[in-house]
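> In this note's numbering, the protein residues as written are 86 to 257. I'd like to ask some things about the structure below.
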């Protein structure tokens, strides 16, 4: 780790109070001017119960609660074209000339995810997240393109998390 790095890694055996005191000493001039949000994003000690951070977490919880309670896009196997079987064991696959697979996310879920991540709806067009899904803030999750997230995923985004194009998350 370089001497000018912003991450604080204290030796084992130090208490939280000692780690905070070390960071206060090392970053004295910077810490006084940083919000707890800025501290968290830089990997410095911060107060998780800071009112701005609490409001941001509650905002995320309201959004992912609505997302987790939402229904998938109203496409059901009975809506398949004549002769096409549902996917799965014994099902048929979609051929090159067939229509694209249905959008499982749908408009409601896509709107909620774009709101949670703090991005435009266009940024989540190639994103599919299976509920339930949880995170700290949502706005610290940066997607670089297509992303599939299977069910029961938790992303702890107290610091920025970047997810590359074509990333797939499996279930727990």
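We treat Cβ as the ideally placed atom computed from N, Cα and C, and that holds for glycine.
1. Cα-Cα, which of 117, 228, 106 and 120 is closest to residue 242?
2. For residue 110 and residue 257, I'd like the C-alpha separation in whole angstroms.
3. For residue 105 versus residue 136, is the C-beta distance shorter than 8 Å?
4. In three-state DSSP terms, what is residue 228?
5. Can you round the beta-carbon distance between residue 220 and residue 239 to whole angstroms, since I take them to be within the 8 Å contact cut?
6. Are the beta-carbon atoms of residue 152 and residue 218 separated by less than 8 Å?
7. Reducing DSSP to helix, strand and coil, say where residue 176 ends up.
So, from the listed chains and residues:
1. Counted from its first residue, the chain shown places residue 242 at position 157. Its Cα nearest to that of residue 242, the residue 228 stands out among 117, 228, 106 and 120.
2. The residue you call residue 110 lines up with position 25 of the chain shown. The residue you call residue 257 lines up with position 172 of the chain shown. Their backbone Cα atoms lie some 40 Å apart in a straight line.
3. Sequence index remark: in the chain shown, residue 105 carries index 20 (1-based). Sequence index remark: in the chain shown, residue 136 carries index 51 (1-based). Taking 8 Å as the cut-off, the beta carbon of residue 105 is found no closer than this to the beta carbon of residue 136.
4. The residue labelled residue 228 in the question sits at position 143 within the chain shown. In the three-state reduction of the DSSP assignment, residue 228 falls in the strand class, which pools E and B.
5. Along the chain shown, read from residue 1 onward, the residue named residue 220 stands at position 135. Along the chain shown, read from residue 1 onward, the residue named residue 239 stands at position 154. Between residue 239 and residue 220 the Cβ distance is about 7 Å, and since that is below 8 Å, they are a contact.
6. Taking the chain shown and counting its residues from 1, one reaches residue 152 at position 67. Taking the chain shown and counting its residues from 1, one reaches residue 218 at position 133. Going by beta carbons, residue 152 and residue 218 fall inside the 8 Å limit.
7. Within the chain shown, numbered from 1, the residue matching residue 176 stands at position 91. The predicted model places residue 176 with a pLDDT of 49, which falls under 50 and marks its position as unreliable; any figure quoted below should be read in that light. It is coil, neither helix nor strand.
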